[in-house]
Amino acid sequence: MTVKIEVEPFEPDQAAAEDLTALYELSMAAVRLDRPDLVVPGYDDWVAGLRQPAAGFGPRGSWVARCDGELVAKAVVYFLPGENEHLALTEITVAPQRRRAGVGTAVLRALLPELEARGRKVVEGWELSKGGVGEQWALAVGLRISKSTISQTLAVRDTDPTLWDVPAPEGFRVAEWAGSAPDELVTSYAHALFAMHDAPAGDSEYRIGEWTAERIRDAEARHREQNVVQRVVVAVSEATGEVAALTQLDLYTAYPEWAVQQDTAVIPAYRGKGLGRWVKAHMLRALLAERPSTEKIYTNVNADNEHMIRVNEQIGFTTSRSTVGVSAEIAELRRLLG
Numbered sequence: 001m002t003v004k005i006e007v008e009p010f011e012p013d014q015a016a017a018e019d020l021t022a023l024y025e026l027s028m029a030a031v032r033l034d035r036p037d038l039v040v041p042g043y044d045d046w047v048a049g050l051r052q053p054a055a056g057f058g059p060r061g062s063w064v065a066r067c068d069g070e071l072v073a074k075a076v077v078y079f080l081p082g083e084n085e086h087l088a089l090t091e092i093t094v095a096p097q098r099r100r101a102g103v104g105t106a107v108l109r110a111l112l113p114e115l116e117a118r119g120r121k122v123v124e125g126w127e128l129s130k131g132g133v134g135e136q137w138a139l140a141v142g143l144r145i146s147k148s149t150i151s152q153t154l155a156v157r158d159t160d161p162t163l164w165d166v167p168a169p170e171g172f173r174v175a176e177w178a179g180s181a182p183d184e185l186v187t188s189y190a191h192a193l194f195a196m197h198d199a200p201a202g203d204s205e206y207r208i209g210e211w212t213a214e215r216i217r218d219a220e221a222r223h224r225e226q227n228v229v230q231r232v233v234v235a236v237s238e239a240t241g242e243v244a245a246l247t248q249l250d251l252y253t254a255y256p257e258w259a260v261q262q263d264t265a266v267i268p269a270y271r272g273k274g275l276g277r278w279v280k281a282h283m284l285r286a287l288l289a290e291r292p293s294t295e296k297i298y299t300n301v302n303a304d305n306e307h308m309i310r311v312n313e314q315i316g317f318t319t320s321r322s323t324v325g326v327s328a329e330i331a332e333l334r335r336l337l338g
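Residue numbers (full-length UniProt numbering): 1 to 338.
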């Protein structure tokens with residue numbers, strides 16, 4: 001029997017209390033099943049997080065799906081900006097008791113015309129557990145695996161802090177900030193960020209843009225608008241005054257007990273000196289001195305990036321799960337799903 005699914009936009013800031021409660025219960029049931037590595041937030045923290053979009057991914061749209069009035073699925077789509085404006089980064093979560101009944105497929109089918117109407121050509125999903133039900137479903141409906149990644153977690157209380165006692169490589173000094181790069185470093189910092197373009201990325205359609213000082217300032221403004229604090233630590237060459245390496249970490253007010261490790265990059269001319277490990281270790285020491293309540297730090301790394309995986313392990317990260325990214329052209333999915 002075909003299940004009738006009704007998909008409708010969902011505004012977290014305007015949602016009724018009963019819908020938020022139902023969505024929380026659905027989300028936490030899925031987290032416990034699919035993401036045992038994550039800390040399960042309480043209701044109030046979860047609602048705050050729901051209303052605080054991830055920084056750096058552009059505008060966000062949310063939808064819910066109902067069957068006979070019961071909330072059975074949710075979908076979140078980020079409409080990526082700039083050179084990725086053809087992409088719709090999509091996550092569909094189905095209530096565990098409603099899986100394998102066509103709910104996820106019905107939600108995707110309903111979303112595709114909306115994504116296309118917003119000028120998107122490709123839909124991608126990231127961080128699906130390798131071999132899990134999400135990957136199996138994605139392949140069944142016509143998406144393909146576009147990259148292999150791993151999730152890594154640093155449990156602060158279980159980690160030996162001496163791992164972060166990394167000496168400064170000769171000829172470099174550290175600089176750090178939260179929220180806004182110093183004027184004298186912003187251009188060099190932008191140049192160093194572009195070093196990410198040669199990091200392994202599989203066959204994902206996501207593209208690393210060319211960073212400029214202006215683009216850095218725009219990104220910083222978006223973080224402030226979303227109430228996300230980005231901490232940055234860089235290694236500066238004493239000889240040239242330029243940024244040779246960097247690492248970024250995002251802090252969300254909704255989740256005061258954890259943090260998200262973002263990009264780490266080293267300019268090719270300075271690689272092989274241990275700068276990546278040094279700036280990441282300094283970041284951890286500075287973060288925990290300022291915010292000792294931090295319990296876990298999460299990050300994702302392409303499975304082919306053996307160097308960064310090893311660096312993370314050297315400072316205490318452990319692999320919590322293997323994941324994949326999936327991708328498909330929207331026009332092809334519409335043809336397949338009817």
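Heads up, the beta-carbon is just placed ideally off N, CA and C, and yes, glycines get one too. Note that the coordinates shown come from a computational prediction; the quantities given were computed from them, not determined experimentally.
Separation of residue j from residue i, as counted between CA atoms
| i | j | result |
| --- | --- | --- |
| residue 28 | residue 152 | 20 Å |
| residue 167 | residue 277 | 10 Å |
| residue 72 | residue 101 | 11 Å |
| residue 280 | residue 141 | 40 Å |
| residue 5 | residue 38 | 29 Å |
| residue 51 | residue 226 | 9 Å |
| residue 156 | residue 15 | 35 Å |
| residue 144 | residue 150 | 18 Å |
| residue 55 | residue 302 | 20 Å |
| residue 137 | residue 69 | 24 Å |
| residue 132 | residue 66 | 24 Å |
| residue 323 | residue 36 | 14 Å |
| residue 42 | residue 221 | 29 Å |
| residue 171 | residue 275 | 11 Å |
| residue 9 | residue 114 | 11 Å |
| residue 218 | residue 97 | 43 Å |
| residue 289 | residue 46 | 26 Å |
| residue 308 | residue 44 | 35 Å |
| residue 239 | residue 184 | 15 Å |
| residue 26 | residue 17 | 14 Å |
| residue 321 | residue 312 | 15 Å |
| residue 336 | residue 163 | 51 Å |
| residue 212 | residue 19 | 42 Å |
| residue 139 | residue 237 | 47 Å |
| residue 223 | residue 95 | 31 Å |
| residue 214 | residue 269 | 24 Å |
| residue 191 | residue 99 | 46 Å |
| residue 338 | residue 241 | 58 Å |
| residue 319 | residue 300 | 9 Å |
| residue 125 | residue 117 | 19 Å |
Inter-residue CB distance, residue i and residue j (contact presumed, cutoff 8 Å)
| i | j | result |
| --- | --- | --- |
| residue 205 | residue 87 | 6 Å |
| residue 265 | residue 193 | 6 Å |
| residue 216 | residue 174 | The pair is not a contact, with the Cβ atoms about 19 Å apart (cut-off 8 Å). |
| residue 189 | residue 181 | 5 Å |
| residue 112 | residue 334 | 5 Å |
| residue 254 | residue 48 | 4 Å |
Spatial neighbours of residue i in its chain, beta-carbon cut-off 7 Å, leaving aside the 5 residues before and after
| i | result |
| --- | --- |
| residue 76 | 60, 62 and 91 |
| residue 154 | 296, 297, 316 and 317 |
| residue 283 | 231, 233, 247 and 249 |
| residue 1 | At residue 1, the pLDDT of 44 sits below 50, so the modelled position is not reliable; the number obtained from the coordinates is stated separately. There are no such residues. |
| residue 84 | 206 and 207 |
| residue 13 | 51 |
| residue 82 | 209 |
6 Å CB neighbourhood of residue i in its chain, flanking five on each side removed
| i | result |
| --- | --- |
| residue 251 | 229 and 259 |
| residue 202 | 146 and 147 |
| residue 93 | 30 and 74 |
| residue 78 | 57, 58, 60 and 89 |
| residue 7 | 63, 65, 107 and 110 |
N- and C-terminal bounds of the alpha helix (DSSP H) containing residue i
| i | result |
| --- | --- |
| residue 32 | 17 to 34 |
| residue 48 | 43 to 50 |
| residue 133 | 133 to 141 |
| residue 106 | 103 to 117 |
| residue 310 | 306 to 314 |
Neighbourhood of residue i by C-beta, 8 Å cutoff - its chain only, sequence neighbours within 5 removed
| i | result |
| --- | --- |
| residue 286 | 176, 231 and 233 |
| residue 21 | 43 |
| residue 169 | 235, 273, 274, 275 and 278 |
| residue 314 | 163 and 277 |
| residue 130 | 148, 321, 322, 323 and 324 |
Residue interval of the beta strand (DSSP E) (run including residue i)
| i | result |
| --- | --- |
| residue 82 | Looking at the DSSP string, residue 82 is not in any beta strand (DSSP E), and its letter there is neither H nor E. |
| residue 187 | Here residue 187 belongs to no beta strand (DSSP E); instead the alpha helix (DSSP H) covers 183 to 193. |
| residue 267 | Residue 267 -> no beta strand (DSSP E), and no H or E assigned at all. |
| residue 63 | 60 to 67 |
| residue 330 | Unbroken run through residue 330 is the alpha helix (DSSP H), 330 to 337; no beta strand (DSSP E). |
| residue 250 | 243 to 252 |
| residue 278 | Here residue 278 belongs to no beta strand (DSSP E); instead the alpha helix (DSSP H) covers 275 to 290. |
| residue 230 | 228 to 237 |
| residue 221 | Careful: residue 221 lies outside any beta strand (DSSP E), inside the alpha helix (DSSP H) at 213 to 225. |
| residue 122 | 122 to 129 |
| residue 298 | 296 to 302 |
| residue 145 | 144 to 155 |
Residue i at chain B interface by Cβ criterion, 7 Å
| i | result |
| --- | --- |
| residue 153 | In summary, chain B is missing from the structure at hand, where a single protein chain is found. |
* Three or more C-beta pairs below 8 Å linking the segment 279 to 297 and the segment 250 to 259 -> As far as the Cβ criterion goes, the segment 279 to 297 touches the segment 250 to 259, which means the pair count is three or higher.
* Could you tell me whether the segment 322 to 332 touches the segment 113 to 123, using the rule of 3 or more Cβ pairs below 8 Å? => By the Cβ criterion, the segment 322 to 332 is in contact with the segment 113 to 123, since at least three pairs of Cβ atoms, one from each stretch, lie closer than 8 Å.
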